[in-house]
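Data first, discussion second: the structure below is written as C-alpha cells.
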Amino acid sequence: MARVRLTKTLVDELQPPEKGQAFVWDSEVPGFAVRATPSGAKAWIVQMRVRGGKERRMTIGFCNKVPLDKARQEARKVLATADLGRDPAQERKEAREVKPDLNPTLTDFSTRWMTEVAERRNRDGTLKNRRLLLKNHVLPVLGEKRIADIQRKDIEDLHHRISQRFPVAANRAVSLCSAIFSTAERWGMLSANPAFKIERNTEEGRERYLTPEEIARLHVALDQSPAQDSADVVRLLLLTGARVGEVLAMQWSHVDLAVGMWIKPAATTKQKRIHRVPLSPAAVEVLTKRQAARTAKRPKAEPSPWVFPGDGTDGHMTTIRTFWAAVCRRAGIEGVRVHDVRHTFASLLVSSGESLPVVGALLGHTQAKTTSRYAHLLDDALRAATQKIAAITVNGSKNG
1 MARVRLTKTL
11 VDELQPPEKG
21 QAFVWDSEVP
31 GFAVRATPSG
41 AKAWIVQMRV
51 RGGKERRMTI
61 GFCNKVPLDK
71 ARQEARKVLA
81 TADLGRDPAQ
91 ERKEAREVKP
101 DLNPTLTDFS
111 TRWMTEVAER
121 RNRDGTLKNR
131 RLLLKNHVLP
141 VLGEKRIADI
151 QRKDIEDLHH
161 RISQRFPVAA
171 NRAVSLCSAI
181 FSTAERWGML
191 SANPAFKIER
201 NTEEGRERYL
211 TPEEIARLHV
221 ALDQSPAQDS
231 ADVVRLLLLT
241 GARVGEVLAM
251 QWSHVDLAVG
261 MWIKPAATTK
271 QKRIHRVPLS
281 PAAVEVLTKR
291 QAARTAKRPK
301 AEPSPWVFPG
311 DGTDGHMTTI
321 RTFWAAVCRR
331 AGIEGVRVHD
341 VRHTFASLLV
351 SSGESLPVVG
361 ALLGHTQAKT
371 TSRYAHLLDD
381 ALRAATQKIA
391 AITVNGSKNG
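Structure follows, in C-alpha cells:
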C-alpha cells in the first residue's frame, strides 16, 4: 500500500469516498492511518499483526478530537504491545467487559442493542442495512460519545451532515438512533431519547405498479426462463402478494394444498404473527407441480422440507435479485423492484373493487393505515357509486 507522511493539512483536505472506507497510510509509523467514510467522518486507526499472524485493526480516535501527534504516539504504543506477542484489540475489549458500564459509548451500546434487540426482531436484510448505517454514518461521528452525553443537537447535526449527500439515509440513521436510544431509556440508562421527533427530510412517495400489459410480458418471460425455480417464486408473488422472503422461506408443512391454504409462521412474517393466506387455484397449481417434480427428482432421497430448497446454510433459496433483473430485461420492464409485485397485487385488488380491510388481511397488515396507501385506487369505484346514487336521487325527484 502507498504511504505518505500524514499532516494536519493533508487530513483536513481528505475528501470522503463515495462508498465504503478510504485509508491514507502514514510513512512515519507503519500501520498508522487515517480512515474516511462517506459521511465525512475521519478517524485515526492502527493496523497490526498479533500472535498467530492474525491481522487486527484498532480505532485510536476521531481526527477532530485527537491531535495527529498524540494519535501517532498512541499508535506506536499499540504496535509495541503487539510486538510483545499481545493482542491490544482483544485486551481493550476484555477491559470493557470487566465492568458493566451504565453509561457506555454509543459504539458499545449499539453492539449490545444489535445482539439483544435487533437480531431478535429484524430480518437479515434489515439487520444488514442497520449495520451499514451504523458503520458508515452514525458511529464514525458519535461512536465514542457516551450515550448519556449525546444531546438532541448532536442528532440534528448528524442528520444535517448525512443529508448533504444522502438525504434518505439521513432519515434512516435518525430512526435507527431513536430505536437505540429508546431501548436505553427503557433500560433506565437515559432519562430521555435525544433522537425523539427529530425533523426528517421530505421523501417522495414511490408508486410503481405493473400494468396488465407488463404482467402479460412478464409471464411470457417467466415461461421462457431456464430458471424455473426462480420463475415459480415470482409466479407465487404475483398470485399471493406475499413478501419475497416469505415465499423463499415457505415450507411444505406450511401449505395445505387440499384446502388451498398457506399458513405463514410468525417467525417468517414482518409482523411476527401467524398469517393465514387462502391460495387461488392458480397458486395451488404452481405448488402442486413443484411437489410432483420434487418427488420425481429424488424418489428415494429424503425430500427437502423447503418449497424452494437451496444449497446455502439456510437450506432454502435466499434471493432472486439477479433473476429478477434478467427477467425484467427480457420482458422489457423498467423501474420495477421485486417488492413492487406486492404493491401490484394490492393495487389490482383495490382497483377491482375489493375493500381495503380485505386487501389488508390478504397482505398481512395489522394496521389499517398501512393499507391506506392504496385508498386512491378506489376513486373510480367510488365515483361509479356516487353516479349510481345521483341517478337514483335525480330520477326520484323527477318522478315525484
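The sequence shown begins at 1 in the UniProt record's numbering and counts up one residue at a time.
The C-beta atom is built at its ideal place from N, Cα and C for all residues, glycine as well.
Nearest neighbour of residue i, chosen from the options [CA to CA]
i	options	result
V259	R276, W113, R120 and P265	R276
V307	S347, Q228, T344 and P278	Q228
S39	Q151, L84, P167 and E144	P167
I162	L190, R152, I150 and H137	H137
A173	S182, L158 and R186	L158
residue 485	G52, A71 and E28	Outside the displayed range of the chain (1 to 400) lies residue 485, so it cannot be described from this structure.
P226	A326, T59 and Q164	A326
A266	A249, L279 and D256	A249
M58	P88, D69, L68 and K65	P88
A346	R146, Q151 and A242	A242
P278	L133, G364, K128 and E213	G364
N201	Q164, L222 and E213	Q164
Rounded straight-line distance, which links the Cα of residue j to that of residue i
i	j	result
L139	V4	26 Å
R86	Q73	18 Å
A82	R49	7 Å
C63	G310	46 Å
L79	P104	26 Å
D108	V338	36 Å
residue 403	T318	This structure gives no information on residue 403, because the portion of the chain shown stretches from 1 to 400.
W252	A170	41 Å
L190	K8	36 Å
T126	R120	12 Å
P357	E199	31 Å
S397	L236	Unreliable positioning characterises S397 in this predicted model, as indicated by a pLDDT of 46, which lies under 50. The coordinate reading is nonetheless provided below. Whole-angstrom Cα-Cα distance: 51 Å.
G31	V46	5 Å
A118	K272	13 Å
G353	Q224	33 Å
F323	L10	45 Å
T295	E285	16 Å
V34	R76	15 Å
I274	I215	30 Å
L210	H254	28 Å
E28	E156	38 Å
E55	G61	19 Å
K65	L348	56 Å
R51	D69	28 Å
S175	L133	11 Å
C328	R146	48 Å
E334	R217	12 Å
V336	E207	10 Å
K289	M114	41 Å
D26	L6	5 Å
L378	T344	Any reading at L378 must be qualified, since the residue scores a pLDDT of 49, below 50, and its modelled position is unreliable; the value itself is stated next. In a straight line, the C-alpha of L378 is about 14 Å away from that of T344.
F196	K135	21 Å
V220	E213	11 Å
Residue i burial status per 10 Å Cβ neighbour count (16 or more: buried)
i	result
T37	buried
I263	exposed
V341	buried
H160	exposed
V247	buried
L102	exposed
T240	buried
R130	buried
G53	exposed
P194	buried
F23	exposed
T313	exposed
G143	buried
A41	buried
T268	buried
D232	buried
Residue i - containing alpha helix (DSSP H), residue span
i	result
D157	R152 to S163
R72	L68 to D83
residue 407	Because the chain here runs from 1 to 400, residue 407 falls outside it and cannot be looked at.
F23	Careful: F23 lies outside any alpha helix (DSSP H), inside the beta strand (DSSP E) at A22 to D26.
V174	P167 to R186
R217	P212 to Q224
residue 407	Since the first residue shown for the chain is 1 and the last is 400, residue 407 is missing from the structure and cannot be characterised.
V11	K8 to E13
R337	No alpha helix (DSSP H) contains R337, which DSSP labels as neither H nor E.
Extent of the continuous beta strand (DSSP E) to which residue i belongs
i	result
A59	Per the sequence presented here, residue 59 reads as Thr, with Ala not at that position. Run containing T59: E55 to F62, per the beta strand (DSSP E) assignment.
I45	K42 to R49
W324	Careful: W324 lies outside any beta strand (DSSP E), inside the alpha helix (DSSP H) at R321 to A331.
V141	That residue, V141, is in no beta strand (DSSP E); its alpha helix (DSSP H) goes L139 to L142.
R35	F32 to A36
Any non-hydrogen atom of the ligand NAP closer than 7 Å to residue i Cβ
i	result
A148	The model on display carries no ligand, and the ligand NAP is accordingly not part of it.
Ignoring anything shorter than 3 residues, give me the beta strand (DSSP E) runs that lie fully in the stretch 239-306, in order along the chain. 261-264 and 275-278
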